[in-house]
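Using our numbering, the first residue of the sequence shown is number 5, and each one after it goes up by one. Data first, discussion second: the structure below is written as C-alpha cells.
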Amino acid sequence: MSGVPVAIPAGFIARQDGLNLIPAHGQTVIVSAESEVQTLPDPYTPADRIATFSSRGPRGFDSSLKPDVTAPGVAIFAAKMGSGTGGISYSGTSMAAPHVAGLAALIRQAHPTWTPEQVKAAMMNTAVDLSPAQPLPRQGAGRIQAYPSVVVDTLAIGDPDRVSLNWGVLPIEADTYTSLKNVTLQNFGLATKVYSATWGFGAGSRTLGVSLSLPPTVTVPAMGVAAVPVTLNINATQLSSLMRTLEEYYGYVVFTNTAVPTETLRVPFYLSPRPYTRLTELDSGTTFDYATGYAWFDLYHSGPISSSLWVYPVFAVDGNETGVADAGDVRLVGVDYGWEDDDYGDMFVVAINTWGSWHTPQPYFAEFDLYLDVNEDGTPDLVDFNWNYGRATGPANNDQWVVVQVNLSTGALSLASPFFIYTDYNAGFMEWYLPATWNGLDDVAPGANTNFDFQLVGFDYWGTADETEAGRFDIARPPFWWGWDTDYPRHPGPFSRETVYGVGVNDLGGYLYSRPKGVMIVDYNGKPGKGQAYYWPLTVTGYPKVFLPLVVKNYGP
5 MSGVPVAIPA GFIARQDGLN LIPAHGQTVI VSAESEVQTL PDPYTPADRI
55 ATFSSRGPRG FDSSLKPDVT APGVAIFAAK MGSGTGGISY SGTSMAAPHV
105 AGLAALIRQA HPTWTPEQVK AAMMNTAVDL SPAQPLPRQG AGRIQAYPSV
155 VVDTLAIGDP DRVSLNWGVL PIEADTYTSL KNVTLQNFGL ATKVYSATWG
205 FGAGSRTLGV SLSLPPTVTV PAMGVAAVPV TLNINATQLS SLMRTLEEYY
255 GYVVFTNTAV PTETLRVPFY LSPRPYTRLT ELDSGTTFDY ATGYAWFDLY
305 HSGPISSSLW VYPVFAVDGN ETGVADAGDV RLVGVDYGWE DDDYGDMFVV
355 AINTWGSWHT PQPYFAEFDL YLDVNEDGTP DLVDFNWNYG RATGPANNDQ
405 WVVVQVNLST GALSLASPFF IYTDYNAGFM EWYLPATWNG LDDVAPGANT
455 NFDFQLVGFD YWGTADETEA GRFDIARPPF WWGWDTDYPR HPGPFSRETV
505 YGVGVNDLGG YLYSRPKGVM IVDYNGKPGK GQAYYWPLTV TGYPKVFLPL
555 VVKNYGP
C-alpha cells in the first residue's frame, strides 16, 4: 500500500476525538497486518458444527424461513471498538455478521452493479450444509463460502428480497391445495447454460402429503434470465395436526449445470401447512329445565382431518377490539374442574380463546394474566401468566410453555402448574391445568376453600391490554356436565361428519354461584383463532327464584 492513497469514509465523531485528531492532520499513518495475537484451531469442536446457543426460525410474524445463511461465529477474535489496536474474542451473531458483511463487500467488489438481493442470492445459492446436516430453520441455506459466492455468474432467486421460497403458515380447509411460485435464474455469463432442476426435503423435514413439481430442465441465455415455475402440491388428508408440534416442510430446489455438474445453485423452500376443520350448526336447543332437560347441539363437520372436541363453561365473552392485535385479543374465557391427580390433587382448567392466532404462546406474541382472588375479599392474591420454562427457571428461552405465578403480596415468582400449557404453534386456543393447592386453594373436601374470583387480561405484541369481565368459580361444584350422543362420533371427521353434543346442569348451587354465561365447544383442530371455539349462551329454567323485598324511603316532604 506504500504510496497509494486510501479513502476512508467520513462520519460524525465526538468533539474530544476531533480535538485529538487535529494535531495529527497531514501526518503519515502506517497500517500493518502484523499482530501479536496468536490464534489456534479448536481441536475439540468439529468443523461446520452449529453452536448450541444458535437460535432457529421461522420468522415470528409471518413464519418465513430464517436464518438466511450460517457463518462462523464461535470464539471469533476481532477488532475491539475503542481499543486502538486491540482485539477481543466473542461468540454469537455479533461475530458472524461481520463475516457475512465482509463477504458481501467482496461480492460487490467483483460485481459492482449487483443489488443487495443479488449479493444475498450469491451467498445463499452457493452455501453448503453443516455437519451433521441441520434443519433449514436452524441453518438457513447453509454455511456461506467466500470463493464460490464471488465467482458465481448465475443466480437463482425465489421470493423477492428473501431469495428462498416461502409459503409460511398455510391454513387449509380443502382436501387438496396448490400454489405456484417462480424461481428466476439470472445468467451474467457470456454463454448459454442448461440446468437440470430437482428438489428434495432437508434433514428433519416432514415429507408426507407435500411435494413440489417443476420442469426437469431450464435454459438460461447468455446475459439473460429464465423463469422456472415451482408448484406446491398438498394432500391435506395426509397431514398431521398435533398439539405442541410445529409441522414443518423444508428443503431445496437445486439447479445443476448439465455441462459442469459441480456447478449447482440451491434455493431453500419452507412451509408449515395447517389443515383445519369447521363445524356448522344444523340445529340446537339452548333453553332447558335444570332438573329434567339439557342443551343440545347438532353439528356438521367439514375439513380434511377429524375434529377434536371438548366443552367448557364460559364466564367471559369479549368483543374483537380494533386497537388490540387478534393474537392477544381475548374472545372467550372458560373454567372447569379438571380431575383428581394422583400427585397434585384436584385440578381445575382455564381455557382461553382469542380472535386470532399467535406464532408461539409466549408473552412476546400474546400474554395472558389471570388474576386470582382466592379469599374473595375484592383484592387479587395471585396472578398466573404464560411463559416458557427455560426463561422462568434459567437464562435461556425455550418452547416448553408453562404457567408462572406471581404472589402479589410477596412478589415471589414460582410455577403455577407442573404441567405444560396445552396449545400449539400458530393457534388461538390454550388450556392451563392448575392444581388447586398451587393456586391458593384447597383440595375438594367438606369445609375446604375451593371457590375463587378471577379476571383475565390479555396483552398483544405491543403490550396493548384487553381486560375481560370478572368471574367466579367453585372447583367443588362445577356448574355443567357434558357429553355426546353415542349414535354419533365424539370427534366427527371425513368418514362420519355429524355429531350431537349435550350440556346440562351438574350442580345447581354451583351454577347459581358461578353463573356461567354459556358454553363453548372447543375444536382443537379448528381454524386458528375464533374457529377453535364455538359459543352458545344458555338459558336455564326451573329453579326457584328468590326476590328480596323492595324498601323505599321517602326523604322528601
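Glycine included, C-beta positions come from ideal geometry on N, C-alpha and C.
Which residue's Cα is closest to the Cα of residue i: the options?
{"i": "serine 209", "options": "Lys84, Val353, Glu251 and Leu174", "result": "Glu251"}
{"i": "glycine 213", "options": "Ala108, Asp464, Val315 and Arg278", "result": "Arg278"}
{"i": "aspartate 457", "options": "Gly530, Asn379, Gln138 and Thr188", "result": "Asn379"}
{"i": "serine 310", "options": "Leu23, Arg501 and Val354", "result": "Arg501"}
{"i": "valine 594", "options": "Arg395, Trp486 and Asp527", "result": "No information on residue 594 is available, as it lies outside the stretch 5 to 561 that the chain covers here."}
{"i": "aspartate 377", "options": "Asp179, Gly444 and Glu473", "result": "Gly444"}
{"i": "alanine 154", "options": "Gly172, Leu110 and Arg248", "result": "Here residue 154 is valine; the residue named in the question, alanine, does not match the sequence. For the residues Gly172, Leu110 and Arg248, the minimum Cα distance to valine 154 belongs to Leu110."}
{"i": "alanine 100", "options": "Pro450, Tyr341, Val73 and Gly77", "result": "Gly77"}
{"i": "arginine 335", "options": "Thr221, Glu267, Gly462 and Tyr437", "result": "Gly462"}
{"i": "proline 329", "options": "Gly289, Met351 and Ala370", "result": "Looking at the sequence provided, one finds alanine at residue 329 rather than proline. Nearest option by C-alpha distance: Ala370."}
{"i": "asparagine 129", "options": "His115, Ala105, Pro102 and Leu159", "result": "Leu159"}
{"i": "alanine 125", "options": "Asp165, Gln143, Arg147 and Gln113", "result": "Asp165"}
{"i": "serine 361", "options": "Gln242, Pro50, Leu412 and Tyr528", "result": "Tyr528"}
{"i": "threonine 414", "options": "Trp442, Asp385 and Pro120", "result": "Asp385"}
{"i": "asparagine 237", "options": "Leu174, Phe499, Gly289 and Gly228", "result": "Leu174"}
{"i": "tryptophan 203", "options": "Tyr256, Leu542, Gly332 and Pro365", "result": "Tyr256"}
{"i": "tyrosine 426", "options": "Asn24, Leu246, Ala114 and Gly90", "result": "Leu246"}
{"i": "valine 410", "options": "Asp373, Gly398 and Thr383", "result": "Asp373"}
Cβ atoms of residue j and residue i: under 8 Å apart, would you say?
{"i": "asparagine 430", "j": "histidine 363", "result": "yes"}
{"i": "serine 93", "j": "phenylalanine 81", "result": "yes"}
{"i": "alanine 480", "j": "valine 448", "result": "yes"}
{"i": "alanine 420", "j": "aspartate 388", "result": "yes"}
{"i": "leucine 512", "j": "tyrosine 547", "result": "yes"}
{"i": "proline 233", "j": "leucine 184", "result": "yes"}
{"i": "glycine 530", "j": "tyrosine 280", "result": "yes"}
{"i": "serine 168", "j": "phenylalanine 273", "result": "yes"}
{"i": "tyrosine 437", "j": "methionine 524", "result": "no"}
{"i": "valine 187", "j": "valine 271", "result": "yes"}
For a test of the three-state rule: what should DSSP assign to residue i, helix, strand or coil?
{"i": "alanine 207", "result": "coil"}
{"i": "methionine 434", "result": "strand"}
{"i": "glycine 394", "result": "helix"}
{"i": "histidine 305", "result": "strand"}
{"i": "glutamine 113", "result": "helix"}
{"i": "asparagine 24", "result": "helix"}
{"i": "asparagine 191", "result": "strand"}
{"i": "alanine 231", "result": "strand"}
{"i": "proline 102", "result": "helix"}
{"i": "arginine 278", "result": "strand"}
{"i": "asparagine 129", "result": "helix"}
{"i": "arginine 142", "result": "helix"}
{"i": "arginine 19", "result": "helix"}
{"i": "glutamine 459", "result": "strand"}
{"i": "valine 387", "result": "strand"}
{"i": "valine 155", "result": "helix"}
{"i": "threonine 326", "result": "coil"}
{"i": "glycine 332", "result": "helix"}
{"i": "leucine 250", "result": "coil"}
{"i": "methionine 5", "result": "Residue confidence for methionine 5 is low, a pLDDT of 45 falling below 50, so the modelled location carries little weight and cannot support an answer."}
{"i": "leucine 107", "result": "helix"}
Leaving out five residues on either side along the sequence, give the residues of the same chain with a beta carbon under 6 Å from the beta carbon of residue i.
{"i": "threonine 223", "result": "Val198"}
{"i": "serine 306", "result": "Arg282"}
{"i": "alanine 355", "result": "Tyr316, Gly338 and Glu435"}
{"i": "serine 135", "result": "Asp52"}
Name, in chain order, the residues that DSSP records as bridge partners for residue i.
{"i": "arginine 519", "result": "In DSSP, arginine 519 forms no bridge with anything."}
{"i": "glutamine 149", "result": "Beta-bridge pairing links glutamine 149 to no other residue."}
{"i": "valine 123", "result": "DSSP output for valine 123 lists no bridge partner at all."}
{"i": "serine 418", "result": "Gln409"}
{"i": "tyrosine 538", "result": "Ile525"}
{"i": "methionine 351", "result": "Pro439"}
{"i": "aspartate 345", "result": "Gly349"}
{"i": "isoleucine 356", "result": "Val337 and Met434"}
{"i": "aspartate 373", "result": "Phe389 and Val461"}
{"i": "isoleucine 54", "result": "Answer by DSSP bridge pairing: none, since isoleucine 54 is not bridged."}
{"i": "leucine 134", "result": "None; leucine 134 has no bridge partner."}
Leaving out five residues on either side along the sequence, give the residues of the same chain with a beta carbon under 8 Å from the beta carbon of residue i.
{"i": "glutamine 404", "result": "Asn392, Tyr393, Gly394 and Phe424"}
{"i": "glycine 172", "result": "Pro62, Asp66, Ser67, Ser68, Tyr274, Leu275 and Ser276"}
{"i": "alanine 178", "result": "Ala240 and Pro308"}
{"i": "arginine 494", "result": "Leu313, Trp488 and Thr503"}
{"i": "tyrosine 505", "result": "Trp300, Phe301, Leu303, Leu313, Val315, Trp486, Gly487, Trp488, Asp489 and Ile525"}
{"i": "tyrosine 254", "result": "Leu69, Pro139, Leu140, Pro141, Phe205, Gly206, Ser209, Pro272, Phe273, Tyr274 and Leu275"}
By Cβ distance below 7 Å, which residues in the same chain neighbour residue i in space, the five residues on each side in sequence not counted?
{"i": "aspartate 268", "result": "Looking at the sequence shown, residue 268 is not aspartate but threonine. Cβ within range, chain order: Val258, Phe259 and Thr260."}
{"i": "glycine 327", "result": "Thr468"}
{"i": "proline 152", "result": "Thr130"}
{"i": "proline 220", "result": "Ser200 and Ala201"}
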